[in-house]
Amino acid sequence: MYHFTVASSVPMAGEADQVPILPYLPELIFGLIVFGLFFWVVKTKVVPNLEAAYQARAEAIEGGIAKAEEAQAQAQAALENYNAQLAEARSEANKIREEARSEGAQIVADLRSQAQAEASRITESAKRQIEAERQQAVVQLRQEVGTLSTTLASKIVGESLDSDVRQSGIVDRFLAELEAGNVRPEKVGAEPGQDA
Amino acid sequence: MVLAALSPVLSALPMSGEGDGHFPPEPQDFWQPLFAIPGTGFYFTRSMAAIAISAILLSWWLVRTTRNVSVVPSRGQHYTELVYNFIRNDIAKDSIGAKDFLRFVPLLFALFVFILLNNLFGIIPPIQMPTMSRVAYPIALTAIVYVVYHWVGIKKHHGIVNYIKWMIPPGLPAWLLPLVVPLELMTFFINRPLTLALRLFGNMFAGHMLLVVFIVGGWELFTSDSIGLKFVALPAWLMAVVMTLFEALIQFLQAYVFVLLAASYFSDAVSGEH
Chain A
1 MYHFTVASSV
11 PMAGEADQVP
21 ILPYLPELIF
31 GLIVFGLFFW
41 VVKTKVVPNL
51 EAAYQARAEA
61 IEGGIAKAEE
71 AQAQAQAALE
81 NYNAQLAEAR
91 SEANKIREEA
101 RSEGAQIVAD
111 LRSQAQAEAS
121 RITESAKRQI
131 EAERQQAVVQ
141 LRQEVGTLST
151 TLASKIVGES
161 LDSDVRQSGI
171 VDRFLAELEA
181 GNVRPEKVGA
191 EPGQDA
Chain B
1 MVLAALSPVL
11 SALPMSGEGD
21 GHFPPEPQDF
31 WQPLFAIPGT
41 GFYFTRSMAA
51 IAISAILLSW
61 WLVRTTRNVS
71 VVPSRGQHYT
81 ELVYNFIRND
91 IAKDSIGAKD
101 FLRFVPLLFA
111 LFVFILLNNL
121 FGIIPPIQMP
131 TMSRVAYPIA
141 LTAIVYVVYH
151 WVGIKKHHGI
161 VNYIKWMIPP
171 GLPAWLLPLV
181 VPLELMTFFI
191 NRPLTLALRL
201 FGNMFAGHML
211 LVVFIVGGWE
221 LFTSDSIGLK
231 FVALPAWLMA
241 VVMTLFEALI
251 QFLQAYVFVL
261 LAASYFSDAV
271 SGEH
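First to last, the sequence lines map onto chains A and B.
Residue 19 in our numbering is what sits at position 19 of the first sequence, and the numbering runs on without skipping anything.
Residue 110 in our numbering is what sits at position 110 of the second sequence, and the numbering runs on without skipping anything.
Printed below as a string of structure tokens:
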């Protein structure tokens, strides 16, 4: 390439010999025209499109950021809502548990007192029944002992103790002595009826 | 250091004699006319072809990748947006401020990709010459920036008189004015455009020279008769590879610097502060 042009072979040697910092006029004009055309292309066909893309992208990014912020706010609200619900549910559960506990304690106490009352009632009635039966037994025994002992005694002494008044007086006296411990069963005899 | 090692042998090389001996490279080598433009006495040069190709390529790519833009970009749109967002946000918005930057974005973006591709032409075969090493193009681009920032400044300050008044820092003692006023006016009207254009031109020009020294110089060494010199061609070409990578960085950097400075000039003009 370099060997292509030879300054000395060009007729206009004057142009070649001039100082390199002085412009060659056709180049200056041509440069202005070429750059002018290029500038026109850039200004009318290139930069408007690039600016449009730039603005669209900026808007897209800003829109995206706004959307993301909105989504984040929504998520935050949902989280707070959820947390509030959770706290509410927790306190409610606590309340219910507390209630159940106190209710249970109440029930247990009630049952216990009921059972106690029932038990004491049963005990009481059993005691009363036993007492009544004992009383009855005593009365019956006393009558039978009287009859038996008088029959026995009359058989032994051969004496009829018909008189009720005497009979009862003797028996009562005997029994009183017996209770006081003055009469020993062995002294009367080995009769089983005397033990009562 | 390779250059230093080469210097003793350079003098031994045949430099005159053949008409197309291009070592060492000279500023005249940048003059590469292709054909005469009939009736004008002017020539269509190789750099004009390169700059036209760059505009066509860039237009094709940018229109193709942005015709159907979508929020989820295609691969091509993604690359275009990468560059566009860099210019839009990191340069225009940061320099000019969020209020006014948008109306300068098309110009800054066009300038950046245009300069970048034309610079990269310096290492892209088969062009392999940065278009901006021809001073006419940096001057043309600087002229556009120059006109725009003065135009914006005059509109901002409601007239050229107020605009020039604004250039002078307020609160100066009167005896300093004769000193400061010319300096300030020079800054706005001469220094800024001059440095903007020459920085880009100088970097590309020098970078191209440097690559030519190592590549063509290596070739000259390789084709020389001495066997010793043939071996020296190897480090020269190695250096050419390193320098090519280095140039790629410079080419990007110069496009960036040009656009950054243009943005700061626009920023000055619209800010209303000194």
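For every residue, glycine included, the Cβ atom is placed at its ideal position computed from N, Cα and C.
Handout entry: Nearest neighbour of P48(A), chosen from M48(B), Y43(B) and T65(B) [CA to CA]
Key = The residue with the shortest Cα to Cα distance from P48(A) is T65(B).
Problem - Helix, strand or coil at T223(B) [DSSP, three-state] - result: The answer is coil: DSSP assigns T223(B) none of H, G, I, E or B.
Practice task
Spell out the partners DSSP gives P33(B) in its beta bridges.
Solution key: Beta-bridge partners of P33(B) (DSSP): T45(B).
Practice task
Work out the CA separation of V83(B) and F101(B) for me, nearest whole Å.
Solution key: When rounded, the distance between both Cα atoms is 16 Å.
Practice task
Could you check the C-alpha separation between T80(B) and G159(B) for me, to the nearest Å?
Solution key: Between T80(B) and G159(B), the alpha-carbon positions lie close to 38 Å from each other.
Handout entry: Neighbourhood of P193(B) by C-beta distance below 8 Å, restricted to the same chain and skipping five residues each side
Key = These residues qualify, in order along the chain: T142, A143, V145 and Y146.
Problem - Host alpha helix (DSSP H) of P138(B) (start-end) - result: First-last of the alpha helix (DSSP H) with P138(B): A136 to K156.
Practice task
Kindly provide the ranges of any alpha helix (DSSP H) runs that are 4 or more residues long and lie completely inside the region 101-125 of chain A, ordered along the chain.
Solution key: None, since the region 101-125 of chain A contains no complete alpha helix (DSSP H) of that length.
Handout entry: Contacting positions in the region 23-36 of chain A - beta carbon closer than 7 Å to chain B
Key = Flagged, chain order: P23, Y24, P26, E27, L28, F30, G31, L32, V34 and F35.
Handout entry: Neighbour-count burial assignment, Y278(B), 16 or more Cβ in a 10 Å radius
Key = Since the first and last residues shown for chain B are 1 and 274, residue 278(B) lies out of range.
Problem - For S70(B), three-class secondary structure by DSSP - result: In the three-state reduction of the DSSP assignment, S70(B) falls in the coil class, being assigned neither a helical nor a strand state.
Exercise for the section: Rounded to whole angstroms, what's the CA-CA distance from L178(A) to A115(A)? Just pull it up for me. Expected result: Approximately 44 Å between the Cα atoms of the pair.
Problem - Spatial distance of N68(B) from E51(A) (CA atoms) - result: Each residue's Cα considered, the two are about 13 Å apart.
Practice task
Determine the extent of the alpha helix (DSSP H) in which Y163(B) is found, giving its start and end residues.
Solution key: Boundaries of the alpha helix (DSSP H) harbouring Y163(B): I160 to M167, taken from the DSSP string.
Exercise for the section: Indicate the three-state DSSP secondary structure (helix, strand or coil) for V259(B) in the structure shown. Expected result: Of the three classes helix, strand and coil, the one that applies to V259(B) here is helix, per DSSP.
Exercise for the section: Compute the distance between the beta-carbons of W108(B) and A263(B), then report whether it is under 8 Å. Expected result: Residue identity check: residue 108(B) is Leu in the sequence provided, not Trp. Yes, they are a contact pair.
Exercise for the section: Label I51(B) either buried or exposed according to how many other C-beta atoms from any shown protein chain fall within 10 Å of its C-beta, with 16 as the threshold for buried. Expected result: By the neighbour-count rule (16 or more Cβ atoms within 10 Å), I51(B) is buried.
Handout entry: For I53(B), the nearest candidate out of E103(A), N94(A), L37(A) and A56(A) (CA to CA)
Key = Residue L37(A) is the option with its Cα nearest to I53(B).
Exercise for the section: Count the other CB atoms, across all protein chains shown, that sit within 10 Å of the CB of N94(A); report buried if there are 16 or more and exposed otherwise. Expected result: Result: exposed.
Problem - Three-state class that DSSP yields for L10(B) in the structure shown - result: Low per-residue confidence applies at L10(B): pLDDT is 43, beneath 50, and the placement is therefore not dependable, though the value from the model is reported in the following sentence. Reduced to three states, the DSSP call for L10(B) is helix.
Handout entry: Same chain, Cβ closer than 7 Å to V152(B), neighbours up to 5 away in sequence not counted
Key = Annotation for V152(B): F266, A269 and V270 place their beta carbon closer than 7 Å to its own, counting only its chain and skipping 5 residues before and after.
Exercise for the section: Tell me, to the nearest whole angstrom, how far the beta carbon of F30(A) is from that of M48(B); I am working on the premise that it is less than 8 Å. Expected result: About 5 Å separates the beta carbon of F30(A) from that of M48(B), a gap short enough to meet the 8 Å contact definition.
Exercise for the section: Can you have a look at I61(A) and say buried or exposed, based on whether 16 or more other CB atoms are within 10 angstroms of its CB? Expected result: Result: exposed.
Exercise for the section: Please confirm whether N119(B) and M129(B) have their CB atoms less than 8 Å apart. Expected result: Not in contact: N119(B) and M129(B) (Cβ atoms no closer than 8 Å).
Handout entry: Residue ranges of each alpha helix (DSSP H) within the region 91-126 of chain B, 4 or longer
Key = Complete alpha helix (DSSP H) runs here, min 4: 105-120.
Exercise for the section: Kindly say whether P38(B), judged by its beta-carbon, lies nearer than 8 Å to any beta-carbon of chain A. Expected result: False, the Cβ-Cβ gap to chain A never drops below 8 Å.
Problem - Expected contact under 8 Å - CB spacing of P27(B) and P20(A) to nearest Å - result: Contact check for P27(B) and P20(A): beta-carbon distance about 4 Å, within the 8 Å limit, so the pair qualifies.
Practice task
Closer than 7 Å, Cβ to Cβ, to anything on chain B: give me those residues from the region 40-57 of chain A, in chain order.
Solution key: Residues passing the 7 Å Cβ filter: V41, V42, K43, K45, V46, V47, N49, L50, A52, A53, A56 and R57.
Problem - Distance, K155(B) Cα to V358(B) Cα - result: Nothing about residue 358(B) can be reported from this structure: the residues present for chain B run from 1 to 274 only.
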